[in-house]
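Trainee: Residue numbers in the sequence shown follow the working numbering, run continuously in steps of one, and reach 360 at the last position.
Have a look at the structure that comes next, please.
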Amino acid sequence: MNVYSEILKLSEEGRSAAMATVISKAGSGPGTEGARCLIAGERVVFGSVGGGMVEAEACGTAARVVSSGRPMTLSFNLKGGHAAEAGMLCGGEMTIFLEPAAPVSPSCRPLFEKLKDISSGNLRGVLLTVIDEEKWQPGGPVPKMLIEHTGAATGSLGPCGGIVLAGGLDDLLSANRPEVRYVKDEAGNSISFFIEPIIRRHVLYVFGGGHVSRALASVAGSVDFDVVVMDDRPAYSKAQDFPMASRVLCVPFDNVLDSLNINEASYLVIATRGHMHDMEVLMQALRTDAGYIGMVGSSRKRDEIFRRLVEAGFTEDDFARVHTPVGIDIGAETPAEIAVSITAEIIRARADGPEKRKVI
Numbered sequence: 001m002n003v004y005s006e007i008l009k010l011s012e013e014g015r016s017a018a019m020a021t022v023i024s025k026a027g028s029g030p031g032t033e034g035a036r037c038l039i040a041g042e043r044v045v046f047g048s049v050g051g052g053m054v055e056a057e058a059c060g061t062a063a064r065v066v067s068s069g070r071p072m073t074l075s076f077n078l079k080g081g082h083a084a085e086a087g088m089l090c091g092g093e094m095t096i097f098l099e100p101a102a103p104v105s106p107s108c109r110p111l112f113e114k115l116k117d118i119s120s121g122n123l124r125g126v127l128l129t130v131i132d133e134e135k136w137q138p139g140g141p142v143p144k145m146l147i148e149h150t151g152a153a154t155g156s157l158g159p160c161g162g163i164v165l166a167g168g169l170d171d172l173l174s175a176n177r178p179e180v181r182y183v184k185d186e187a188g189n190s191i192s193f194f195i196e197p198i199i200r201r202h203v204l205y206v207f208g209g210g211h212v213s214r215a216l217a218s219v220a221g222s223v224d225f226d227v228v229v230m231d232d233r234p235a236y237s238k239a240q241d242f243p244m245a246s247r248v249l250c251v252p253f254d255n256v257l258d259s260l261n262i263n264e265a266s267y268l269v270i271a272t273r274g275h276m277h278d279m280e281v282l283m284q285a286l287r288t289d290a291g292y293i294g295m296v297g298s299s300r301k302r303d304e305i306f307r308r309l310v311e312a313g314f315t316e317d318d319f320a321r322v323h324t325p326v327g328i329d330i331g332a333e334t335p336a337e338i339a340v341s342i343t344a345e346i347i348r349a350r351a352d353g354p355e356k357r358k359v360i
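Next up, the structure:
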């Protein structure tokens, strides 16, 4: 689930919405470049740009953007007396780009459908959005384009396209952070656009559909992990029990990882109903490049499973990759508390990993 799937959903329901995106930030402050939220009916219905005064003003302006069909740029100075009076003591500056998002025009639907499927993990490239307000035509095509790493493009930048793309695809595709860029047309007029790299989505694979897994799917899904849950029992692999998961699969645990795209942006949490299933999944996990491997259970269970894995040829270096008992030690006891501790640990792993959190 991401903001584009939510936009399409709202559009199908006949609702209007605006999307707010942090396009620049200097100094300390809420949100980061690329953070975004979806606003419908003057309230945030998905995501966040940091809350507080920033989000409140974006919500108050959203209706004007939707009715006019034109975007607006909102600038915030989060220092000085006015910011202090509003309770914003961050001390930085930030700029929000607020654009009409729903209903989705027919010309923009293919682009949003493509962006909706980022969770597949196969989409990599950059998303370009022209942020000059006068370049947006009410009712016209949205000046937004996705360029995949293969060079394939979806969407259009309108009359600005030739100028923005004149520097070549290599320069655009080499972007490694969200940022505002500027180019000039033949007359010397400046055109500004926001470029966002699309990296592999951080996917949390949860093996087991019990109480801890249900709580974990909810908590991790709320902090921008794409959650996939698997269990070999139909009663424990029902999609309605995991509303924050993008996929819920009923599959046997033997060779369960063979059909999954496991890479450094993959996070695996093993929480099956028994030691043997845990060991089966862990053996497979240790043969992958997963960025995080965690296993629910006691130290005694860990030691017994590791002892058996030594007999199967695994080493201490392999075991060093496994977080078990899983989660940060906060004295967690209930499934919800355990889910919070696990999510905190995988957030830390994501922040420290080679591929930082996704920007779309």
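Quick reminder that beta carbons are idealized off the backbone N, C-alpha and C, glycines included.
What you are looking at is a predicted structure, and each value in this text was computed from that prediction instead of being measured.
Is it a yes or a no for the segment 322-341 touching the segment 180-194, going by three-plus beta-carbon pairs under 8 Å?
Mentor: Output reads no: the segment 180-194 does not touch the segment 322-341.
Trainee: Assuming contact is defined by CB atoms lying nearer than 8 Å, are S16 and P103 in contact in what I supplied?
Mentor: yes
Trainee: Rounding to the nearest angstrom, what Cα-Cα distance links R214 and A245 in this structure?
Mentor: When the Cα atoms are used, R214 and A245 turn out to be separated by approximately 9 Å.
Trainee: How is the alpha helix (DSSP H) around G60 delimited, first residue to last?
Mentor: Where G60 is concerned, the enclosing alpha helix (DSSP H) stretches over G52 to S68.
Trainee: Pick out the complete beta strand (DSSP E) segments inside the segment 161-226, 3 residues or longer, and give them in chain order.
Mentor: Qualifying beta strand (DSSP E) stretches, in chain order: 179-184, 190-198 and 203-207.
Trainee: Quick check: the Cα distance between V219 and T343, rounded to an integer number of angstroms?
Mentor: Using only the alpha carbons, I get a separation of about 7 Å.
Trainee: Compare the beta carbon distance of A35 and V45 with 8 Å and say whether it is the shorter of the two.
Mentor: Taking 8 Å as the Cβ cut-off, A35 and V45 do not qualify as a contacting pair.
Trainee: Is E99 helix, strand or coil when you go by DSSP?
Mentor: Residue state, collapsed to three classes: strand.
Trainee: Does the count of Cβ pairs from the segment 247-260 and the segment 283-290 closer than 8 Å reach three?
Mentor: yes
Trainee: Helix, strand or coil, according to DSSP, for A86 in the structure here?
Mentor: Unreliable positioning characterises A86 in this predicted model, as indicated by a pLDDT of 48, which lies under 50. A coordinate reading is not provided.
Trainee: For Y205 versus L123, is the C-beta spacing smaller than 8 Å?
Mentor: no
Trainee: Anyone know if the C-beta pair for S5 and K135 falls short of 8 Å?
Mentor: No, the pair does not count as a contact, with Cβ atoms beyond the cut-off.
Trainee: Going by the CB atoms, is the gap between G27 and E93 shorter than 8 Å?
Mentor: yes
Trainee: Would you check if the segment 302-316 and the segment 234-254 touch, i.e. whether three or more CB-CB distances between them fall below 8 Å?
Mentor: Three or more Cβ pairs closer than 8 Å define a contact, and the segment 234-254 falls short of that threshold against the segment 302-316.
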